[in-house]
Every structure is written in structure tokens, then in C-alpha cells.
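With our numbering applied, the sequence shown covers 3 to 339.
Using N, Cα and C, we set each Cβ at its ideal position, and we do this for glycine too.
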Amino acid sequence: MEQNSLNSIKIYDFVLRNLKPLIFIAILAFIVSLIIAILLPSKYRATVILFPATSESVSKSLISENQTSKGLLNFGTAEEVEQFLQVLYSDEIRKRLTKKYNLFEHYDIDSTQKYPFTRLNKKYQENISFRRTEFLSIEIEVFDKEPKFASDMANDIADFADSTINKMQRERASQAFKLVSNEYFKAISDLNFIQDTLGKLRDLGVFNYEAQSEVYSDAYAQAIAKGNKEGVRELEEKFKILAKYGGAYQNFNEMVTNEAKRISLLKQKFTEAKIDAVQNIPHKFVVSKAEVPEKEYYPIRWLVVLSGVLSALMFGIIILAFAELLKKKRYSIVTGT
3 MEQNSLNSIK
13 IYDFVLRNLK
23 PLIFIAILAF
33 IVSLIIAILL
43 PSKYRATVIL
53 FPATSESVSK
63 SLISENQTSK
73 GLLNFGTAEE
83 VEQFLQVLYS
93 DEIRKRLTKK
103 YNLFEHYDID
113 STQKYPFTRL
123 NKKYQENISF
133 RRTEFLSIEI
143 EVFDKEPKFA
153 SDMANDIADF
163 ADSTINKMQR
173 ERASQAFKLV
183 SNEYFKAISD
193 LNFIQDTLGK
203 LRDLGVFNYE
213 AQSEVYSDAY
223 AQAIAKGNKE
233 GVRELEEKFK
243 ILAKYGGAYQ
253 NFNEMVTNEA
263 KRISLLKQKF
273 TEAKIDAVQN
283 IPHKFVVSKA
293 EVPEKEYYPI
303 RWLVVLSGVL
313 SALMFGIIIL
323 AFAELLKKKR
333 YSIVTGT
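Here's what the structure looks like:
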């Protein structure tokens, strides 16, 4: 305890001995820090908080009979949060922002100089960031010297991510829609051909192979029993036609049933693919849109000044203490004590 008291007294005595230079250092540091704080460019912070939506296709959510459907109104899982973040970090978003906001000019980057895109990317990373929160939401953070610029860019980043996801999904869904469309209309064409063929067979008098065979057999037996030779000849001709085309009629009739089932399935796929190919539903739930910040976020000027003064005083004390110690050692050497 006494040792601590002695140390405190020594420090106090040291400060009193060097009070004038320390005051000078503090005043000088205050002036320099104040100038630096004033000259430091202001930066405003704008943020967007959003939840990614489930990545399930629109058609599956709306018209599919699948009971495992997540639904369009559910928030995304951790995996879907990571996927949304990857889109936010994509070159597509950066290029669209660069074009819309003319970031080369805004960040004072000469595109004719060496490595302009490297410098732009560095500025982009310094001023724009994305992070996943503990609640599985995403925070988009934008810093800029202009408050409205920061808020507009933050909101546009969220919208650009949404449209980029829609664009990627529509490109894929459009290819699927083309494939399903080709199969669907080909199946309809095949069914029409089969039905036309059945119509021609009906024109020949073939309607139902089994039923007609039974009816013709009964009529043929009666005609023979009655000695109706004309009736027998007519029935024999009908038997020949039925024997020639009856099997084909049965085959085509089964094909109609099978094609109708196939078309029913394809129609469902066709409808789903069409919805997915043209959908433009948002893939995010925006909890908090970016508002124009009223107050600068950085620098905290009083903190810059205070830090500068305290740092200068600490450095000054160390230098003065070292100088005093060096002076004492020299005196000891000269006096031999």
C-alpha cells in the first residue's frame, strides 16, 4: 500500500515538474486533432434488414398437390440465407450499382488509370457490406458521404438481388417450359391423329370389336337358320371388315386412353412450367427499409479529438520520462555516483 502511495507521489511530482511541456503538448495535440477531425470526410450509414423467402417454386406452392410444400409466405432457412448472401456478393449486383450510380465518378476513380476496377472493388468493399444476423435475417449496410445516396443504394441492392434471383430462375424455367411445351403439344397432336384414325374406322363400320362380334354372330346364326342368303353375305362382309380392322380399333382405343392420361399429366407440368417461366414474385421480406440518415455515423469528432490529446499526452509523458532518466544517468556518470 505504501509502495503504491510512493509511486503515486512520484508520478504526481513528475507531472508537476513537466507541467508546462505537457500543457503545450496537450494544446498542440488538441489543435492538430481538431483540424484532423474537421477535415475527416463525413460518412452516413444506411441499412436494410430483410428475410429471404423460401426458394420453393411458385407453381409448387400455388397449384401443386404435394403436401410437403413449404408455401410462399414462409421465411427461408439457413441454407437459403446463405444463397441470398451469395447473390448479394455477385458481380451482377456490383455491375448494376456501378452503372446506375456511376461509382467510378462518385468514388473519384479515373477509369483511364492503372487498375481502375481493383480500386473500385476496394472502395466497394470499404463502403458496402452484408452480414447474416443471429435471427437468420440479412443486414445490408452502406456508408457514403451523401445520406440520400447511401439510403438509395441500400434499397436498390435489396431490389437488385431480388430481380437477379428472378432472372436466373426464369432463364432456367423458360428452358423447362420449352421442353414441356413441345411434349404437351406433341401429345395433343398424337391424340388428334389417333382420334382421326378411329373416326375413319368408324366410317368403315367398326365401333366395338367384342360387342359387334357378338351381335354379328347372333345375326349370322339367325340368317343361316332362316336361309337368308343375302343376309348371310352381308354379315360375312361385315365379319371380314371387323376381322381386318377390329384389332387396330382396339389398339387405337387403348392408345386414346393412355394418351389422355399422359396429356393430363403433361398439362399439369405445362401449367406449372408456364407459371415458373413468367413469375416475378419477390424473394425477400423487407423488415426495415433504408431511410435517409439524419446524422453522420463517422467520424465521431469529439472522440477523435479526445483520442488525439490523450495519445499525445501519453507519448509526451513517455518521452519526458525517458529524457529525465537519461539525464540522471549522464549526471551519475559525470559525478561518479
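- Selection L36, F77 and I33 evaluated against V288 yields F77 as nearest (Cα-Cα).
- In this structure, DSSP gives V294 a state outside helix and strand, which the three-state scheme calls coil.
- Per DSSP, reduced to three states, the secondary structure at Y300 is strand.
- Of the residues N194, K329, T79 and I27, the one whose Cα lies closest to the Cα of E136 is T79.
- The alpha helix (DSSP H) runs of length 4 or more contained entirely in the stretch 45 to 133 are, from start to end of the chain, 60 to 64, 80 to 90, 93 to 103, 105 to 108 and 118 to 129.
- Here DSSP, grouped into helix, strand and coil, assigns K286 to strand.
- The beta carbon of I111 sits closer than 6 angstroms to those of P118, R121 and L122, all from its chain and outside the five residues before and after it, given in chain order.
- In the DSSP assignment, E143 forms a beta bridge with T49 and S131.
- Distance from the CA atom of L312 to the CA atom of I33, rounded to whole angstroms, is 13 angstroms.
- Going by beta carbons, A279 and F179 fall inside the 8 angstroms limit.
- Annotation: the continuous alpha helix (DSSP H) that includes F32 extends over L21 to L41.
- Taking 8 angstroms as the cut-off, the Cβ atoms of L267 and V182 do not count as close.
- At a Cβ-Cβ threshold of 8 angstroms, E81 and A189 do not count as neighbours.
- By the criterion of at least three beta-carbon pairs nearer than 8 angstroms, the stretch 82 to 89 is not in contact with the stretch 142 to 155.
- Residue state for E326 is assigned as helix, using DSSP reduced to three classes.
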